[in-house]
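This report refers to the structure that appears directly beneath it.
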Amino acid sequence: MNSTDLFIDYDVFLKNYEIYKTMSDIPSFDFYNSLITLINPSYNKESIRRLGEYKEKVKNVDNALFTSDLQEKWAQNQLTVSLELIISILYADKIDIQSNDSLDGLKNGKGKILFYPHYGSYMSILPLLASQGIKFTVLMDEGMTHFWDEILQKVSYGQNIKLHGIQNKKSMINVLHDIKHGYNLMMYPDFTAGETPEYSGDFLSKHAYIPQGPVKIAQKLRTDLLPVAMEYKNNQLLPDITIDKPIDCSNSKEAAMKMMIYMEKIIKKDLSKWWCWEIYNDIILKK
């Protein structure tokens, strides 16, 4: 490891996967505590440096809801969020997620469109549900596809997740094909990096763009648009995941607004866990 590396960095995890896998034979809380101690800013200079860098990224956020205390907490969460995903990847096939009708419905027939905000360990949804036999197709920034491609070759549930680089023009064609063949599309639509959204509305007490990509796909394929819920009970490290009732997509604008309202409720539980403050001014606020 270099002096600028941390044990929870994705590239360090990938290079030393077999060691981490062996370590995961211990209870998840013990695994978590052993690594969180190693990156404690009280002892780790790189952690201190990163905290300063994270705080700098959000110091000019144009929203009074995001106070200086929340900015401090946001930086702390940015430092440790990768560890939460690492734990989900390693422990996903070591646990039994309680079966329920909402999850069972994702295993049969045409794929559904699922959505959740960039909140907390949002990517943990993929390993935790894929380990239960649920198939996913995912549009992802190509900067992260190498990490995920490598990981999916190593885990037992890897065959249940298909990745497509969002920058590739052919990716959407492949995604639509996957959905028709039973793969569920997981989306995080609290912002869009593509064309400027047609709709806007109130979001976190400001006028913001309202993405409608998931709505359009659900309409095109005549499939369900489903909100995902994650709940951490009794301070557990791995969340319980459920699927809420489908959003009516007969009216595009109303469906897009309902989607954003659902995500806003999740984000407001703890504003410091929403990753998108980093891009809030430039991409989310209505110009």
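If you read the sequence shown in my numbering, its first letter stands for residue -15, the second for the next number, and so on.
In this text, a Cβ means the ideal position worked out from N, Cα and C, and glycines have one as well.
Check your understanding: Just checking, does the region 109 to 125 make contact with the region 134 to 146 on the three C-beta pairs under 8 Å criterion?
Key -> yes
**Study point:** L210 vs K91 beta-carbon contact at 8 Å
**Key:** no
Review point. Considering only residues of the same chain and omitting the five flanking positions on each side of A202, which have a CB-CB separation below 6 Å?
Key: I97, L209 and C233
Point to revise | Where the beta strand (DSSP E) through A213 begins and ends | key: L209 to E215
Practice item. List the endpoints of the continuous alpha helix (DSSP H) containing L49. Key: From DSSP, L49 is part of no alpha helix (DSSP H); its letter is neither H nor E.
Check your understanding: Between the Cα of P181 and the Cα atoms of K39, Y216, P195 and E262, which residue gives the shortest distance?
Key -> P195
Review point. Relative to the C-alpha of K242, which residue among K271, V199 and L63 is closest?
Key: V199
Review point. DSSP state of L188, grouped into three classes?
Key: coil
Review point. Can you find at least 3 beta carbon pairs, one from the region 173 to 180 and one from the region 50 to 63, that sit closer than 8 Å?
Key: no
Practice item. Just the C-alpha distance for K78 and D88, rounded to the nearest angstrom, thanks. Key: 19 Å
Point to revise | Of the residues T(-12), T51 and K204, the one placed nearest N235, counting alpha carbons only | key: K204
Review point. Rounded to a whole number of angstroms, what is the C-alpha to C-alpha distance between S72 and F131?
Key: 15 Å
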